[in-house]
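Read through the structure below, which is laid out as C-alpha cells, and then see the notes.
In our numbering, the protein residues as written are 487 to 630.
Laid out in C-alpha cells, this is it:
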C-alpha cells in the first residue's frame, strides 16, 4: 500500500475568506488562484447559487511544502476547545530567553492581525517556552 504524503487541514468557521487571509498572514501562505475560467474569486463566487457563495476558502504554502489549509463555512459557532491545533514553529532550535523573545515578537505581530493571546508558558526544567493563542474565530494554536 502506498503512503500518503500530502494532506490538508480543514477548519470549520463562520467566515472562510476572512479566516483564510488571517492564516496567510500567520504562515506566509497565499490564496491560490481562482478556478480555471475565472479571473477573480469574486467572479467565481458570483457564478454560484447564493447559498453556496463564500462557503469556503483555502490557502497554500507558496513553496508547495506545507499542507493546504481549507476553511469551510458551518452554521454553528465554536463551543469548546479544539481537539486538534496547529503548532506554529516560530522558535525552532532556540532555547531560554532567546526563544521566549522570538515567540513574544511573533505573538505581538499576530495580535496586530487579529489573534488573541491566551497563555504564555515560560520554560521550566522539562519544557521550553510556548505561547497559546487563538485565531480570529477562536481556534487555538501555539507558537512554539
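Glycine residues also receive a C-beta, built at the ideal position from the N, C-alpha and C atoms. As the structure is a computational prediction, the values presented were derived from the model and not from experiment.
Subject >> Terminal residues of the beta strand (DSSP E) in which residue 570 lies >> reply: Counting from one through the chain shown, the residue named residue 570 turns up at place 84. That residue, residue 570, is in no beta strand (DSSP E); it is neither H nor E in DSSP.
Subject >> Selected residue, minimal CA-CA separation from residue 578, among 572, 588, 570 >> reply: Within the chain shown, residue 578 is the residue found at index 92, counting from 1. Taking only the C-alpha atoms, the option nearest residue 578 is 588.
Original post:
Exposed or buried, which one is residue 597 when buried takes at least 16 other CB atoms within 10 Å?
Top reply: Within the chain shown, residue 597 is the residue found at index 111, counting from 1. Around the beta carbon of residue 597, fewer than 16 other beta carbons lie within 10 angstroms, which makes this residue exposed.
Original post:
Pick from 497, 625, 627, 628: whose alpha carbon is nearest that of residue 560?
Top reply: As a working mapping, residue 560 is identified with position 74 in the chain shown. Of 497, 625, 627, 628, the residue nearest in Cα terms is 497.
**OP:** Answer yes or no: do residue 543 and residue 506 have a C-beta to C-beta separation smaller than 8 angstroms?
**Re:** As a first step, residue 543 must be located in the chain shown, where it is residue number 57. As a first step, residue 506 must be located in the chain shown, where it is residue number 20. Yes, they are a contact pair.
Original post:
Is the distance from the Cβ of residue 585 to the Cβ of residue 551 below 8 angstroms?
Top reply: The sequence position of residue 585 within the chain shown is 99, counting from 1. The sequence position of residue 551 within the chain shown is 65, counting from 1. Result no, Cβ atoms of residue 585 and residue 551 do not sit closer than 8 angstroms.
Subject >> beta strand (DSSP E) segments (min. 3 residues) lying fully within the segment 531–604 >> reply: 542–545, 554–559, 572–574
Original post:
For residue 498, does the three-state DSSP call read helix, strand or coil?
Top reply: For the purposes of this step, residue 498 is identified with residue 12 of the chain shown, where counting begins at 1. Strand at residue 498.
**OP:** Taking 8 angstroms as the cut-off, decide whether the C-beta atoms of residue 538 and residue 627 are in contact.
**Re:** On the chain shown, position 52 is the one that residue 538 refers to. On the chain shown, position 141 is the one that residue 627 refers to. Against a cut-off of 8 angstroms, the Cβ pair of residue 627 and residue 538 comes out as no contact.
Subject >> C-beta atoms of residue 629 and residue 576 nearer than 8 angstroms >> reply: Within the chain shown, numbered from 1, the residue matching residue 629 stands at position 143. Within the chain shown, numbered from 1, the residue matching residue 576 stands at position 90. Cβ distance < 8 angstroms, so residue 629 and residue 576 count as in contact.
Original post:
Taking the alpha carbon of residue 607 as the point to measure from, which residue in 616, 502, 519 has its own alpha carbon closest?
Top reply: In the chain shown, the residue the question calls residue 607 occupies position 121. Nearest option by C-alpha distance: 616.
Original post:
If we ignore side chains and look at the alpha-carbon of each, how far apart do residue 540 and residue 609 end up?
Top reply: Along the chain shown, one-based indexing puts residue 540 at 54. Along the chain shown, one-based indexing puts residue 609 at 123. Taking the straight line joining both Cα atoms gives about 42 angstroms.
Original post:
Considering only the beta carbon of each residue, do residue 545 and residue 574 sit closer than 8 angstroms?
Top reply: Within the chain shown, residue 545 is the residue found at index 59, counting from 1. Within the chain shown, residue 574 is the residue found at index 88, counting from 1. Cβ atoms of residue 545 and residue 574: not closer than 8 angstroms.
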